[in-house]
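The working numbering numbers the first residue of the sequence shown as -19 and each following residue consecutively. By construction, the Cβ of each residue, glycine as well, lies at the ideal position given by its N, Cα and C atoms. If you're wondering where the values come from, they're calculated on a predicted model, not measured in any experiment. Shown next, in structure tokens, is the structure this report addresses.
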Amino acid sequence: MKIGIFSLSELNPGKYNIKDPRLDQLHSFTKSQKKTYLEVELVGEEKIFEADAVLVPKDSCADLILKDLDFVETRLSRSVDEKEKALLNKLKTILEKEEFIFQVGLSPEEKQAILNYSLITARPVVSLEKKDLEDVDNLLLKALKESGFISFFTIAGEKETRAWLIKEGTAAWEAAGAIHSDIQKGFIRAEVISFSDFIQAGGENQAKQAGKLHLEQKDYVMQDGDIVNFRFNK
């Protein structure tokens, strides 16, 4: 995942591990050889259109909106397609109300139509207070949550305890693909324990003995913090 940074000199572009304390808790039970955090890449303004979400100081939100408004007005002045002009006028109205485009319910067709537009606020925008910059791990966790992303965890015996990133609303079958396409193709079922049940029970085996493991099919909607073992045909 790429996160754009706009007008934030306190953060440097580059790859960052997000130290989710839940993974630390799980690892204290599993004692696995390896603990793998989520990794995200922060990109600067020159690559902001590659980003899945954008971080911006609260006092610079207006600058972000003005950039998008400038693009929309320029394109509107050159467009000869009535359907496109109607959409651009809709976007112009949104931005003139000082709202981000991603916050307004566009139709699937409208979202598809603006994919190639140079619009920053069409992706999730997370506005930050100064206090948010004091802890980068918490800041990035906030960015993921407010951008509509969640985490699930896998435990590979003694080898590895790992966090994975998916969009909120992702089905188990799609989540399996985040690990490997072969797991997705051969999906049989997902064995799921919630994070809270795992911790309260005192570990994986204890959670299973307490009846906290549930079997789910392809269409199960993943929940934040799920601990999952995917069964699949090899």
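* Asked: Under the rule that 16 or more other beta-carbon atoms within 10 Å means buried, what is D61, buried or exposed?
  -> Counting Cβ neighbours within 10 Å, D61 comes out exposed, since fewer than 16 surround it.
* Express the C-alpha separation of F(-14) and T141 in angstroms, rounding to a whole number. => One Cα belongs to T141, the other to F(-14), and the distance between them is close to 33 angstroms.
* For R211, count neighbouring C-beta atoms within 10 Å of its own C-beta (all shown protein chains included) and say buried if the count is 16 or more, exposed if not. => Counting the other Cβ atoms within 10 Å of the Cβ of R211 gives fewer than 16, which makes it exposed.
* To do: Pull up the distance between the alpha-carbon of H7 and that of K15, whole angstroms please.
  => Near 7 angstroms, if we compare the C-alpha coordinates of K15 and H7.
* **Through-space distance from K192 to E64, alpha-carbon basis** => Here the alpha carbons of K192 and E64 stand approximately 52 angstroms from one another.
* **Pick from D39, P(-7), I74, D4 that is closest to K110, judged by C-alpha positions** => With respect to the C-alpha of K110, the residue from D39, P(-7), I74, D4 having the closest C-alpha is D39.
* Asked: In chain order, what residues of the same chain have a beta carbon less than 8 angstroms from the beta carbon of F178, not counting five sequence neighbours either side?
  -> Result list for F178: L6, F9, E184, A187, K192, I207, in chain order.
* To do: Have a look at E26 and A93 and give me their C-alpha separation to the nearest angstrom.
  => Computed Cα separation, rounded: 23 angstroms.
* Please classify G128: is it buried, with 16 or more other beta-carbons within 10 angstroms of its beta-carbon, or exposed? => Counting Cβ neighbours within 10 Å, G128 comes out exposed, since fewer than 16 surround it.
* Asked: Under the DSSP definition of a beta bridge, which residues are partnered with A143?
  -> Bridge partners of A143: F133.
* Distance, I28 Cα to N(-3) Cα -> Their Cα atoms are separated by approximately 20 angstroms.
* To do: Return the first residue and the last residue of the alpha helix (DSSP H) that L44 is part of.
  => Counting along the chain, the alpha helix (DSSP H) containing L44 begins and ends at 41 to 58.
* What separation, rounded to the nearest whole angstrom, lies between the Cα atoms of E76 and Y97? -> Cα to Cα, the separation comes out at about 18 angstroms.
* Identify the continuous alpha helix (DSSP H) that holds K72 and give its terminal residues. => Membership of K72 in the alpha helix (DSSP H) is indicated by the continuous run 62 to 76.
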